[in-house]
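Residue numbers 1 to 372, in our numbering, belong to the letters of the sequence shown in order. Ideal placement from N, C-alpha and C gives every residue a C-beta, glycine not left out. Read the structure below first, then the notes.
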Amino acid sequence: MRGKVDKILLFSVAALVVIGLVFVYSASFYTAELSYGNRYFFLIKQLTGAIVGAVALTVMCFVKVDLLKRFYIVGVIVSVVLLALVFVPGIGVENYGAKRWIGFGSFSFQPSEIAKFAFVLFSACHLSGRLKGRFTSYIPTIVVGGVFCLLIIAEPNMSVTMCMGGVMMSMLFVGGMKGKHFAAMIVPCVALVPVLILMEPYRLLRLLAFLDPWASPKDEGYQLIQSLYALGSGGFFGVGLFNSRQKYRFLPFAESDFIFSVIGEETGVFGCLIVMTLFCIVIWRGVRIAVNARDRFRCYLASGITAVIAIQTMINFAVVTGSIPPTGLPLPFISYGGTSLVVFMTAIGVLLALSRENNCQGNVLKGVQIEI
């Protein structure tokens, strides 16, 4: 017998997906009309992703979690192959100087979205069976995470690399790595960030634009300035739904990486707080599921999924508000992107499956307690 799903988590995710559909349309209908002659072009693709994601979420919700253990090695192999294929001419798709997608005709997807959760599954399986306290037991997790980071930074995609690195650190932390070992991991990673910035000239320019975007208002500082204009003009309650001005080709990537700027412009501080609250609820329920898990594998799996959502959300918010240098990373469940939406909803299905197990376990314990 299985327990009930976490309805609070389910409803919060559903609300975020609906908000995403509304604002993907709002942020994209002008560009879609000009570029494709169909103002619903991006909305239709996002709605398709939402439907596929809902089916995947439902299927995963009823799958036995132990079955996932069978695929933890396969997931790593498939992810490495897919991440390598983006560099193969004719298969990898290049946009804005980066090779981050695999394309087949009109269909394309981003392998790094899959790799994040494949790494979580691998780490959860490996760390749950390790010998406590031995640094060598963490090496496979570090190696797999390092390989993923190297393949992703080569695309180049520093934002997802940062997210992957953050998730790896989170898994090592919840996996019980000793403080001295954890510190030994963090120090070189932090020291590597300036090196990665200097390796690519555009990253240094973005850093300078972050420090003073008005020094290059028509070049590297342009996107951040337009984002700040959008957020600032929204005030407390916004300029009204569908009334954003920045989406009229002023704010680049308004429907994807910078969709939160459009939300802020149209709904103001009030709307932003609602979105932030929903994400906080999702993260809270994820942590709660991890804490109540019946074994370490389930605890680590729930923790890793929650970490991906939390880290990616925080990075997106920080970029849009000018808190960190500009970098492209979609806002989970909301930004335009079918691969991201389907993968994140699938991961939520796993969390819901874990919540069903927790609730069933709780019901059994309550029944035993009453019987005694």
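Boundaries of the beta strand (DSSP E) around N95: G92 to N95. Excluding its 5 nearest sequence neighbours in each direction, L172 has C-beta neighbours in its own chain below 7 Å: Y138, T141, F182 and M185, listed in chain order.
DSSP, read as helix, strand or coil, puts R294 in coil. The C-beta separation of L301 from V350 comes to about 7 Å, placing the pair in contact by the 8 Å criterion. DSSP places I152 within a helical segment (H, G or I) once states are collapsed to three. Per DSSP, the beta bridge partners of I102 are G92 and F109. Annotation for F250: Q226 place their beta carbon closer than 7 Å to its own, counting only its chain and skipping 5 residues before and after. For L83, the uninterrupted alpha helix (DSSP H) run begins and ends at Y72 to L85, by DSSP. L67 is not a Cβ neighbour of S112, given a cutoff of 8 Å. Boundaries of the alpha helix (DSSP H) around S227: Y222 to G234. For F42, the enclosing alpha helix (DSSP H) covers residues F41 to C61. Annotated three-state conformation of D66 is helix, per DSSP. Of all C-beta pairs linking the segment 268-276 to the segment 34-52, fewer than three are shorter than 8 Å, placing the two stretches out of contact. DSSP, read as helix, strand or coil, puts N38 in coil.
Taking a 10 Å sphere around the C-beta of F104, we find fewer than 16 other C-beta atoms and assign the residue as exposed.
With contacts defined by Cβ atoms closer than 8 Å, V262 and S244 form a contacting pair.
In terms of Cα proximity to C189, the closest of A215, T313, G145 and A154 is G145. Rounded to the nearest whole angstrom, the C-alpha separation of G286 and N292 is 10 Å. In this structure, L121 lies away from G175, with their beta-carbon atoms at least 8 Å apart. Boundaries for F242: no alpha helix (DSSP H) harbours it, and the DSSP string shows neither H nor E there. In chain order, L85 and I102 place their CB closer than 7 Å to the CB of I91, counting only its own chain and leaving out the 5 sequence neighbours on each side. By the criterion of a C-beta distance shorter than 6 Å, T267 is surrounded in its chain by G238, once the five residues flanking it on both sides are discounted.
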